[in-house]
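Numbering (the numbering used here), first residue to last: 2 to 311.
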Amino acid sequence: MIPVLSVNGLTKIYGTKKVVSNVTFSLYPGQIFGFVGPNGAGKSTTIRMITGLTPISKGSIRICGYSIERSFEHAISNVGAVVEIPQLYPYMSGLKNLKLFAGFYGKSALKRIPEIVKLVGMENRIKDKLSTYSLGMKQRLGIAQALLNKPKLLILDEPTNGLDPNGIVEMRNILKVLAEKENITIIISSHNLAELEHTCDVIGLINNGRIIEYKTMKEINSIVESKQRIQFICNYPNYAALTLKQKYNITSKVVGNSVILPLKEANIAVVVSYLTYKKVKIYGLKKIQKSLEELYFELLNNERPSTSIV
Ligand SMILES: Nc1ncnc2c1ncn2[C@@H]1O[C@H](COP(=O)(O)OP(=O)(O)OP(=O)(O)O)[C@@H](O)[C@H]1O
Ligand SMILES: [Mg+2]
Numbered sequence: 002m003i004p005v006l007s008v009n010g011l012t013k014i015y016g017t018k019k020v021v022s023n024v025t026f027s028l029y030p031g032q033i034f035g036f037v038g039p040n041g042a043g044k045s046t047t048i049r050m051i052t053g054l055t056p057i058s059k060g061s062i063r064i065c066g067y068s069i070e071r072s073f074e075h076a077i078s079n080v081g082a083v084v085e086i087p088q089l090y091p092y093m094s095g096l097k098n099l100k101l102f103a104g105f106y107g108k109s110a111l112k113r114i115p116e117i118v119k120l121v122g123m124e125n126r127i128k129d130k131l132s133t134y135s136l137g138m139k140q141r142l143g144i145a146q147a148l149l150n151k152p153k154l155l156i157l158d159e160p161t162n163g164l165d166p167n168g169i170v171e172m173r174n175i176l177k178v179l180a181e182k183e184n185i186t187i188i189i190s191s192h193n194l195a196e197l198e199h200t201c202d203v204i205g206l207i208n209n210g211r212i213i214e215y216k217t218m219k220e221i222n223s224i225v226e227s228k229q230r231i232q233f234i235c236n237y238p239n240y241a242a243l244t245l246k247q248k249y250n251i252t253s254k255v256v257g258n259s260v261i262l263p264l265k266e267a268n269i270a271v272v273v274s275y276l277t278y279k280k281v282k283i284y285g286l287k288k289i290q291k292s293l294e295e296l297y298f299e300l301l302n303n304e305r306p307s308t309s310i311v
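Put into structure tokens, the structure is as follows:
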């Protein structure tokens, strides 16, 4: 299967500064890719190269098999993007704005407007003036505009920026429908990993222009689980730690009246019965789990040399 997007060794140099360095990844139909990294990491610059807004210094980009450099028109005809603040007219209604932009693409885009308005959930407000829209509505109209040319790849640079939690959930639902029902591949950038956990299938973590992790959301969740600790509050924590080391070779930590150890949920019962057998009284149990945010900072702090992924 030809990838919808294939980015290979992508590099951007401004003056003497490499702001995007050797970025390589491929995306397939219906995948939602979360492009995550702190301010200045290189997300927007990468996106600007994919959308042809800025030239590539090194490497290549193919969209549905077409090179963005050598076959720009073919490549870009498959892309819908909301990169900067959508260029919309505040004194016109949402519908008029869409009609105006659909005019660039011809009759088929005009015909698609009602369907697109429904997809982004704007049926009730589409005839109202843009100046009366909330930020979330403007974002949705921006997405509607980006969908006019029936793109296979939709690129959204920080679409949840400034949205309230409700707006973020609405945006997430729209993107899921687009990926699942329309089979559109979506790139969504954000500086918050936790915000993307319910939306994305794949996460690329970028820092200082380099992709430092490229993992499925499933893999990320299993990393979070593998870092899970169980805290046993008990009468003899030092003895409990020693006996668990001898029996199961588990290294645990004693904190106050408790012992903390890395343990999968499935093995809790075994440890409880062994400690009880050893006459240790357990008064309480607590699961200690890293949040995605903690994991994100841990990954950034343990930054390894760039990995090349396909
Ligand atoms: N036109 C430019 N000229 C020189 N340097 C630039 C230019 N555009 C971006 N940069 C630099 O490239 C680096 C990456 O910027 P970029 O906007 O891609 O980051 P980002 O990950 O999108 O950050 P943010 O989360 O703040 O949007 C930054 O150090 C920025 O200063
Ligand atoms: Mg940016």
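Think of the CB as a built atom: it goes at the ideal place given N, C-alpha and C, for glycine as much as any other residue.
Model, not experiment: these values are computed from the prediction.
Bridge partners of residue 18 according to DSSP: 15. When distances are taken from the beta-carbon of residue 13 to the heavy atoms of ligand 2, even the shortest one reaches 7 Å or more. The alpha-carbon separation between residue 108 and residue 90 amounts to approximately 21 Å. Rounded to whole angstroms, residue 102 and residue 292 show a C-alpha spacing of 42 Å. By the C-beta criterion, the region 233-246 is judged not to be in contact with the region 197-204, since fewer than 3 inter-stretch pairs fall below 8 Å. Taking C-beta atoms as the reference points, residue 113 and residue 151 count as a pair closer than 8 Å.
In the DSSP assignment, residue 263 falls within the unbroken beta strand (DSSP E) covering 259-263. For residue 40, the CB falls within less than 7 Å of some heavy atom of ligand 1. Non-local C-beta neighbours of residue 20 in its own chain, meaning closer than 7 Å and more than five positions away in sequence, comprise 13, 43, 46 and 210, ordered along the chain. Within the chosen limit of 7 Å, ligand 2 reaches the beta carbon of residue 44 through at least one heavy atom.
Counting only residues of its own chain and dropping the five nearest sequence neighbours on each side, residue 11 has a CB closer than 8 Å to the CB of 21, 23, 24, 25, 47, 50, 57, 59, 60, 61 and 62. DSSP places residue 42 in the coil class of the three-state scheme, outside both helix and strand.
By the CB criterion at 8 Å, residue 234 and residue 258 fall inside the cutoff.
Look at residue 254 here: in three-state DSSP terms it is strand. Counting only residues of its own chain and dropping the five nearest sequence neighbours on each side, residue 177 has a CB closer than 8 Å to the CB of 33 and 200. Relative to ligand 2, even the nearest heavy atom lies 7 Å or more away from the CB of residue 196. When the beta-carbon positions are compared, residue 96 and residue 130 stay at least 8 Å from each other. Here residue 200 carries a coil assignment [DSSP, helix/strand/coil].
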